[in-house]
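Undergrad:
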Amino acid sequence: MNLFRHAAFEISVASPDGLPFSPAPEVAFAGRSNAGKSSAINTLAGHTRLAYVSKTPGRTQLINLFRLKNGAALVDLPGYGYAEVPAAVRRQWQGLLEHYLTRRENLVGLVLIMDARRPFTDLDRKMVAWFGTTGKPIHCLLTKADKLTNQEQIKVLRDAKAEAASLVGNITLQLFSSLKKKGIEEVEKIVGGWLNPEIRGEAS
Numbered sequence: 008m009n010l011f012r013h014a015a016f017e018i019s020v021a022s023p024d025g026l027p028f029s030p031a032p033e034v035a036f037a038g039r040s041n042a043g044k045s046s047a048i049n050t051l052a053g054h055t056r057l058a059y060v061s062k063t064p065g066r067t068q069l070i071n072l073f074r075l076k077n078g079a080a081l082v083d084l085p086g087y088g089y090a091e092v093p094a095a096v097r098r099q100w101q102g103l104l105e106h107y108l109t110r111r112e113n114l115v116g117l118v119l120i121m122d123a124r125r126p127f128t129d130l131d132r133k134m135v136a137w138f139g140t141t142g143k144p145i146h147c148l149l150t151k152a153d154k155l156t157n158q159e160q161i162k163v164l165r166d167a168k169a170e171a172a173s174l175v176g177n178i179t180l181q182l183f184s185s186l187k188k189k190g191i192e193e194v195e196k197i198v199g200g201w202l203n204p205e206i207r208g209e210a211s
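The number in my numbering is simply the position in the sequence shown, starting from 1, with 7 added.
(1) Would you call residue 172 buried or exposed, if buried means 16 or more other Cβ atoms sit within 10 Å of its Cβ?
(2) Between which two residues does the alpha helix (DSSP H) carrying residue 169 extend?
(3) Residue 177 by DSSP, collapsed to three states: which one?
(4) Using a Cβ-Cβ cutoff of less than 8 Å, which residues in the same chain neighbour residue 137 once the five nearest sequence positions on both sides are dropped?
(5) Is it buried or exposed for residue 78, if we count other Cβ within 10 angstroms and need 16 for buried?
(6) Across which residues does DSSP place residue 87 in a beta bridge pair?
(7) Once the 5 residues before and after residue 64 are set aside, which same chain residues still bring their CB inside 7 Å of it?
(8) Which of the three DSSP states, helix, strand or coil, is assigned to residue 150?
(9) Please check the pair residue 131 and residue 117, which I expect to be a contact at CB under 8 Å, by giving their CB distance rounded to whole angstroms.
(10) Under the assumption that residue 37 contacts residue 84 (Cβ atoms under 8 Å), give the Cβ distance between them as a whole number of angstroms.
(11) Since I believe residue 143 is in contact with residue 115 (beta carbons under 8 Å), could you give me their beta-carbon distance rounded to a whole number of angstroms?
(12) Quick one, are the C-beta atoms of residue 30 and residue 157 less than 8 Å apart?
(13) So, under 8 Å CB-CB, residue 185 and residue 19 are touching, yes? Tell me the CB distance rounded to an integer number of Å.
(14) To the nearest angstrom, how far is it from the Cα of residue 102 to the Cα of residue 24?
Written out as structure tokens, the structure reads:
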């Protein structure tokens, strides 16, 4: 499908109010700091430096918007949960994320990035709780799956699905590896369904 291929950077803003108005659908990417969000975005886009990858958690502090070839947008949200960020900054990021996720009218779904070795932390559950009440879908990428054995991957996916079933929201999950380029087609199939106007029309 190549949904994310040739995504182009459009704008970085410090507040959701700075995002340009657009009737085109948006898909948000969110996750804990250092969960592999930037690497996942780069892998999906087939671009090594589209989203900034830092070894320092909490480095991405802005909302970054990337425009797809079909007119839709991928919105990269600041990573959350990095303890060494000052409390006031953490509260600012939390408010920014919640504002965008609950009020952006053309947002059609959330891709939640979680390290497969530590899925569904308390902050991940809070993120699901915020967004799940909107009725819009959440697709979880269990990243860095290459760091687990095949048996561990099976167990992690099974346990994560059980956890997701206990939470409020329309949640799907998959394993993903930026290093091995594993899971790209599944992401494109699911998110492509969100961006299909006919599907969205039936759901609204």
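All C-beta atoms, glycine included, are put in the ideal place defined by N, C-alpha and C. Here the structure is a predicted model, which is why all the values come from computation and not from measurement.
TA: From the atom records:
(1) exposed
(2) 157-172
(3) strand
(4) 104, 105, 108 and 109
(5) exposed
(6) 39
(7) Residue confidence is low: residue 64 scores 45 on pLDDT, short of 50, so the model does not pin down where it sits. Its coordinate-derived value is still stated next. These residues qualify, in order along the chain: 40, 41, 86 and 89.
(8) strand
(9) The pair is not a contact, with the Cβ atoms about 11 Å apart (cut-off 8 Å).
(10) 5 Å
(11) 6 Å
(12) no
(13) Residue 185 to residue 19, Cβ: 22 Å. No contact.
(14) 12 Å
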